[in-house]
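Numbering (this note's numbering), first residue to last: -2 to 579.
Structure, as structure tokens:
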Ligand code: C2E
Ligand code: CA
Ligand code: CA
């Protein structure tokens, strides 16, 4: 395949850097200089107008400097080529051992103009500058390193931040743990809402933020500590450990210095982190990646929605819980095949007469005979792993099957609402698939109500407006579940046209306070103005029922009238046969 001019220049420059700067072969550069070449060197402020001047300058100054440069890899190489001209911008991270013998890490920037002379690319102009050098504690580099050592270093360095990458970090941690008997913690550390920074300010700003955080984390490390960027917005640190109080002060310092002031000012937002901390046991027998996994497990349990930075420590119970969760997920598809999930129905009643008029379908998982797993244990997990999509349709089939049996037996069918996960609503053919199942059993659509939790209406309200319209066109009812648990405001009621408002148990539980009662009253009033029916969940006491009657709530659901029971029992108790009615 013929190379494009850009690829050709790229390979040429990569080869040049390798021979000239890594293998220290000066002639490799001299060969490539055009006779008309000029050079601006920012370090010395020298402007050299001819190749001869350049060579002289080289002998006096550059050879000694470049001998000390420790170059491992090219960080950025931008090439633009058109016709006989090309422009190249290169950034090369370097470490050099200045007179002080301090290890300084910085970047060497080259801007080159190339020109084709007799079909051969030559450098016509070269501009080089050093970006301001910072001392990096992590890197143990000296100018005497062999090529293979430098290659190893390159492979262990993160190209965005210049600190260690995953491999480098693990290597360094293992050295440090072998070297001394210090107590250490391993911290997995991630930037809160980093996606937002990328989306709002662009990826190049995202990289600058990561670089700055990398530098500051690196500077937070003391002797015999280390840090690295191990993936995307995830960093890891190995810190010495005294006690939790000391660690908390240290992390507060890290939080304060996470970003340089000028960058913070430019961004205009506070950057926080979340972290999972694993206190490395004295035995130190584990593999580092296993320790990192434990720190990650904790990190996943940190509440991202809390204000400020937040972290947790690992404990063995978390591991047990995690193993249990994995078992659940591993077993899910077999459980669906084995029909371990059962349809339960909880009655819904008229607030005034307590007559049962409808029901809510709820799922129960009977893992073994008589051993049930509560929905709160598996529904959130099923949502995380997407299994919920299958389970919801499985439950819908079970419900339709039951309703079909009622119709076949000539019983009076009652409307049943069914819980649907937020994961469905962005799927193109969701309603179509849903209708297909319902129609397969010939269930009239108005007997089925969709329950979607309040937060979906808030977070995806544009989708919800569309979905509500589609559902109504098909003749289904839509219900806003768990109202009062999240951030939904009354305003929501006017934005999405739902049919039923389900007040959550938490909101009901505040009915004994004056404030709570007023809120409930206003919610009910407004819902009625929007032509919605109001159902209140979790009614356990007569007192609550009486209050709700006074407030004009329409329907109720709760243990006072009936708990969720197997569909067969619900049928026996609450579904009348036609004969009984006539
Ligand atoms: P939900 O939709 O809010 O369901 C109402 C929950 O309140 C049910 O819990 C019900 O048993 C409980 N409950 C009803 N009356 C009372 C009462 O008087 N007192 C108390 N303390 N609780 C009462 P359950 O069955 O454990 O379900 C929990 C959640 O799991 C449901 O909350 C729903 O969000 C979800 N879920 C259940 N089945 C399914 C399903 O098939 N698909 C989906 N996507 N989610 C489901
Ligand atoms: Ca529900
Ligand atoms: Ca609910």
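The beta-carbon is built from N, C-alpha and C at its ideal position, and this holds for glycine as well.
Where residue i falls: helix, strand or coil (DSSP)
{"i": "residue 571", "result": "helix"}
{"i": "residue 332", "result": "helix"}
{"i": "residue 250", "result": "helix"}
{"i": "residue 624", "result": "Within the shown structure, residues of the chain are numbered from -2 to 579, placing residue 624 beyond reach of any answer."}
{"i": "residue 320", "result": "helix"}
{"i": "residue 111", "result": "strand"}
{"i": "residue 384", "result": "coil"}
{"i": "residue 351", "result": "coil"}
{"i": "residue 550", "result": "coil"}
{"i": "residue 125", "result": "strand"}
{"i": "residue 135", "result": "Confidence at residue 135 is low in this model, with a pLDDT of 45, below 50, so its placement is unreliable and the value that follows should be read with caution. Note: residue 135 maps to coil in three-state DSSP."}
{"i": "residue 231", "result": "strand"}
{"i": "residue 204", "result": "helix"}
{"i": "residue 187", "result": "strand"}
{"i": "residue 88", "result": "strand"}
{"i": "residue 46", "result": "coil"}
{"i": "residue 364", "result": "strand"}
{"i": "residue 431", "result": "helix"}
{"i": "residue 357", "result": "strand"}
{"i": "residue 6", "result": "helix"}
{"i": "residue 560", "result": "coil"}
{"i": "residue 145", "result": "helix"}
{"i": "residue 455", "result": "helix"}
{"i": "residue 81", "result": "coil"}
{"i": "residue 379", "result": "helix"}
{"i": "residue 391", "result": "helix"}
{"i": "residue 32", "result": "strand"}
{"i": "residue 255", "result": "coil"}
{"i": "residue 438", "result": "coil"}
{"i": "residue 14", "result": "helix"}
Boundaries (first-last residue) of the alpha helix (DSSP H) holding residue i
{"i": "residue 515", "result": "511 to 526"}
{"i": "residue 24", "result": "23 to 29"}
{"i": "residue 508", "result": "First-last for residue 508: undefined, no H or E at that position."}
{"i": "residue 165", "result": "163 to 176"}
{"i": "residue 192", "result": "191 to 198"}
{"i": "residue 240", "result": "Segment: none, residue 240 is in no alpha helix (DSSP H) and carries neither H nor E."}
{"i": "residue 498", "result": "Residue 498 -> not in any alpha helix (DSSP H); beta strand (DSSP E) instead, spanning 497 to 500."}
{"i": "residue 266", "result": "Element bounds for residue 266: n/a, residue is neither H nor E."}
{"i": "residue 72", "result": "Unbroken run through residue 72: none, as it is neither H nor E."}
Whole-Å CB distance - residue i paired with residue j, under 8 Å assumed
{"i": "residue 225", "j": "residue 161", "result": "3 Å"}
{"i": "residue 252", "j": "residue 201", "result": "Not confirmed; about 25 Å, so no contact."}
{"i": "residue 645", "j": "residue 119", "result": "In this structure the chain extends from -2 to 579, so residue 645 is not present and cannot be described."}
{"i": "residue 497", "j": "residue 446", "result": "6 Å"}
Candidates the options, of which the one nearest residue i by Cα
{"i": "residue 409", "options": "421, 218, 355", "result": "355"}
{"i": "residue 103", "options": "155, 36, 87, 159", "result": "159"}
{"i": "residue 188", "options": "203, 399, 179", "result": "203"}
{"i": "residue 157", "options": "239, 207, 289, 471", "result": "207"}
{"i": "residue 180", "options": "10, 249, 275", "result": "275"}
{"i": "residue 190", "options": "270, 87, 380, 255", "result": "270"}
{"i": "residue 155", "options": "70, 20, 264", "result": "70"}
{"i": "residue 570", "options": "109, 5, 411, 177", "result": "411"}
{"i": "residue 333", "options": "273, 394, 342, 284", "result": "394"}
{"i": "residue 288", "options": "123, 234, 380", "result": "234"}
{"i": "residue 430", "options": "249, 256, 375, 468", "result": "468"}
{"i": "residue 580", "options": "517, 266, 529, 562", "result": "As shown, the chain starts at -2 and ends at 579. That puts residue 580 outside it, with no answer to give."}
{"i": "residue 399", "options": "389, 174, 413, 387", "result": "413"}
{"i": "residue 281", "options": "296, 562, 172", "result": "172"}
{"i": "residue 376", "options": "417, 347, 405, 308", "result": "417"}
{"i": "residue 421", "options": "442, 439, 384, 438", "result": "384"}
{"i": "residue 452", "options": "461, 107, 116", "result": "461"}
{"i": "residue 241", "options": "437, 182, 475, 213", "result": "182"}
{"i": "residue 538", "options": "521, 556, 549", "result": "556"}
{"i": "residue 219", "options": "213, 558, 236", "result": "236"}
Where the beta strand (DSSP E) through residue i begins and ends
{"i": "residue 474", "result": "474 to 480"}
{"i": "residue 307", "result": "307 to 310"}
{"i": "residue 448", "result": "445 to 450"}
{"i": "residue 491", "result": "Segment 488 to 492 is the alpha helix (DSSP H) holding residue 491; no beta strand (DSSP E) there."}
{"i": "residue 531", "result": "530 to 533"}
{"i": "residue 275", "result": "270 to 276"}
{"i": "residue 415", "result": "413 to 416"}
Cβ-heavy atom distance, residue i to ligand 5, below 8 Å
{"i": "residue 414", "result": "With respect to small molecules bound, the structure shown includes ligand 1, ligand 2 and ligand 3 and not ligand 5."}
Residue-level contact to chain C via CB, residue i, 9 Å cutoff
{"i": "residue 575", "result": "No chain C appears in this structure, which consists of one protein chain only."}
Checklist entry - Does the stretch 535 to 544 come close enough to the stretch 319 to 328 that 3 or more CB-CB pairs lie under 8 Å? => result no
Checklist entry - Using 8 Å as the threshold, is the stretch 79 to 87 in touch with the stretch 41 to 56, meaning 3 or more CB pairs across them? => result no
Checklist entry - Below 8 Å, can you find three or more Cβ-Cβ pairs linking the stretch 309 to 318 to the stretch 337 to 344? => result no
Checklist entry - For the stretch 516 to 534 against the stretch 361 to 372, are there 3 or more C-beta pairs whose distance is under 8 Å? => result no
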